[in-house]
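In the working numbering, the protein residues as written are 1199 to 1424. C-beta atoms are modelled at their ideal positions from N, C-alpha and C, and glycine is treated no differently. Being a predicted model, the structure only gives us computed values, none of them experimental.
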């Protein structure tokens, strides 16, 4: 009698492949919408920069808003470990935008590293919020976590409509990507402090999710015997 695992939709292996597929589709669609399929007639830093800026903003939207909401739209609970793996897959995929972009812009290596760390930190934090929401099959809990993701992304840009404060640009994944890509000078200490704070909060949130965010519905493995 031989037994083997069937690659059904409920298994983590197929789910991770789907995460890679849909994450890549999001980036490809964003590229087509904001840059297009044709090279600029005069491919200079100034011609590439607007498209790259919008690409990074779209990546932030995907990591902080679209991915958490899609993950929390399922009808089953998922362990924090699975959400962590899927978040890491998307964060690695997002690096495919940042590092090649550094070759066609005037970013210094220090600024490229800062942009990569900032986008990864925001995505890591949003992934922790998704982990908290996915560990319970509760519509109210998931609605609260979805609302929190929206607040993380949008509260600072909304406040900036009435209050002009450079610090507000740094505490939103959308406005921070827009500002960092446009800046030509080297990062200042405040940029590193904000990015470090984002990582600190994200690590704390993941620690709490791993320790207290246990699932209320165990995942079932499907097997078939012949």
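Asked	Found
Report the rounded CA-to-CA distance for residue 1230 versus residue 1248, giving the unit in angstroms.	14 Å
On the DSSP letters alone, give me the boundaries of the alpha helix (DSSP H) that residue 1284 sits inside.	1278 to 1299
Leaving out five residues on either side along the sequence, give the residues of the same chain with a beta carbon under 8 Å from the beta carbon of residue 1348.	1263
Rank 1285, 1253, 1255 and 1379 by C-alpha distance to the C-alpha of residue 1183 and give the top, closest one.	Absent from the structure is residue 1183, since the part of the chain shown begins at 1199 and ends at 1424.
Is the shortest distance between the beta-carbon of residue 1291 and the beta-carbons of chain B less than 8 Å?	Reference to chain B is not applicable here, since this structure consists of a single protein chain.
Mapping the DSSP letters down to three states, classify residue 1339 as helix, strand or coil.	helix
Please return the same chain residues whose Cβ sits closer than 7 Å to the Cβ of residue 1399, not counting the five positions on each side in sequence.	1323
At which residues does the alpha helix (DSSP H) containing residue 1378 begin and terminate?	1371 to 1380
The alpha helix (DSSP H) with residue 1267 in it runs from where to where?	1265 to 1269
Where does residue 1273 sit, in a helix, a strand or coil, going by DSSP?	coil
Using C-beta distances below 7 Å, list every residue in its chain close to residue 1409, excluding the 5 sequence neighbours before and after it, in chain order.	none
Quick check: what's the CA-CA separation for residue 1294 versus residue 1261?	14 Å
Between 1378, 1351 and 1314, which has its C-alpha nearest residue 1290's C-alpha?	1314
Quick one: measure Cβ to Cβ for residue 1317 and residue 1296, integer angstroms, because I've assumed they're closer than 8 Å.	7 Å
Can you check which of these residues, 1373, 1387 and 1326, is closest to residue 1257 by C-alpha distance?	1373
Here's the rule: buried if 16 or more other CB atoms are within 10 angstroms of the residue's CB, otherwise exposed. What is residue 1333?	buried
What residue from 1328, 1271, 1311 and 1227 has the CA that sits closest to residue 1277's CA?	1328
Would a C-beta distance cut-off of 8 Å place residue 1493 and residue 1250 closer than the cut-off?	Outside the displayed range of the chain (1199 to 1424) lies residue 1493, so it cannot be described from this structure.
One question on the structure: do residue 1345 and residue 1355 come within less than 8 Å of each other, judged by their Cβ atoms?	no
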